[in-house]
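In our numbering, the protein residues as written are 26 to 213.
First the structure, in the form of structure tokens, and then the observations on it.
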Ligand code: HEM
Ligand code: HEM
């Protein structure tokens with residue numbers, strides 16, 4: 026009830042589960058993308074490169090679970106708030122949120138197919154080896170790798186624009202769009 030305005034009975038901020046899942050998703054994506062950009066500089070086949078790739082895939086499995094929980098929560102009990110903007114900005118904000126969800130699902134599926142085609146084992150958080158397939162498919166590996174790379178960059182660029190819009194709401198328009206997605210303690 027504390028997330029509901031007493032005058033309008035409309036939610037005025039996201040519930041803590043939605044907020045937690047939003048920031049967990051964002052953190053995982055930024056860390057996973059950064060790992061991929063770092064291992065690009067490491068020698069092919071080196072132990073350090075393999076370790077970063079294993080961490081990327083392990084975090085990818087966690088991201089899969091987080092996204093399943095997040096979408097289930099959103100479609101059931103999660104707070105839904107209409108976007109704050111009007112007209113073309115409203116269309117852009119809604120399209121951006123849907124695009125991010127869709128690209129995340131596609132990127133996750135591609136990630137599994139990528140590893141499947143590579144037929145290489147990886148250490149799940151350094152604990153035990155996991156292998157999705159044993160027969161290597163070089164053509165599929167190459168094609169899926171290109172798409173996974175392009176979609177990874179697209180997610181980062183769109184999320185950057187989405188974050189810039191949120192910061193503009195906070196610092197320029199001075200409304201509550203950012204603070205309603207922040208933990209209660211950090212709200213004004
Ligand atoms: C939003 C989430 C993700 C982002 C932003 C992301 C980003 C990237 C990027 C930029 C690369 C480097 C591509 C290249 O240089 O060819 C990469 C590689 C890879 N990703 Fe992801 N990825 C994500 C999710 C996943 C998931 C969920 C999995 C699987 C569970 C996965 C598995 C892989 C694999 C197997 C590689 C290749 C590693 C290698 O070269 O051996 N990724 N990812
Ligand atoms: C990789 C990073 C990110 C992804 C994938 C992402 C994705 C999303 C998605 C899908 C929503 C819609 C929530 C819903 O109603 O279901 C959302 C909402 C929101 N995000 Fe992000 N986000 C990311 C990073 C950020 C960052 C860095 C900020 C702030 C600087 C931010 C601020 C917000 C705000 C304020 C909302 C609520 C918008 C509203 O109520 O109209 N996000 N985000």
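We put the CB at the ideal spot given by N, CA and C, even for glycine.
Remember, it's a predicted structure, so these values are computed and weren't measured experimentally.
**Asked** Closer than 6 Å: is that where the CB of residue 196 sits relative to any heavy atom of ligand 2?
**Response** no
**Prompt:** Would residue 122 be called buried (16 or more neighbouring beta carbons within 10 Å of its own) or exposed?
**Reply:** exposed
**Message:** With the cut-off set at 7 Å, would you say residue 172 and residue 82 are in Cβ contact?
**Reply:** no
**Cutoff 8 Å; reference residue 179; Cβ partners in own chain excluding five residues on either side** = 128
**Message:** Short of 7 Å in beta carbon distance, which residues of its chain neighbour residue 46, apart from the five on each side in sequence? Order them along the chain.
**Reply:** 91, 94, 95, 98
**Asked** Since residue 153 sits in a beta bridge, which residues does DSSP pair it with?
**Response** 149
**Message:** I want to check one thing, is the minimum distance from the CB of residue 174 to the heavy atoms of ligand 1 below 6 Å?
**Reply:** yes
**Request:** Can you grab the Cα-Cα spacing for the pair residue 155 / residue 79, in whole Å?
**Result:** 10 Å
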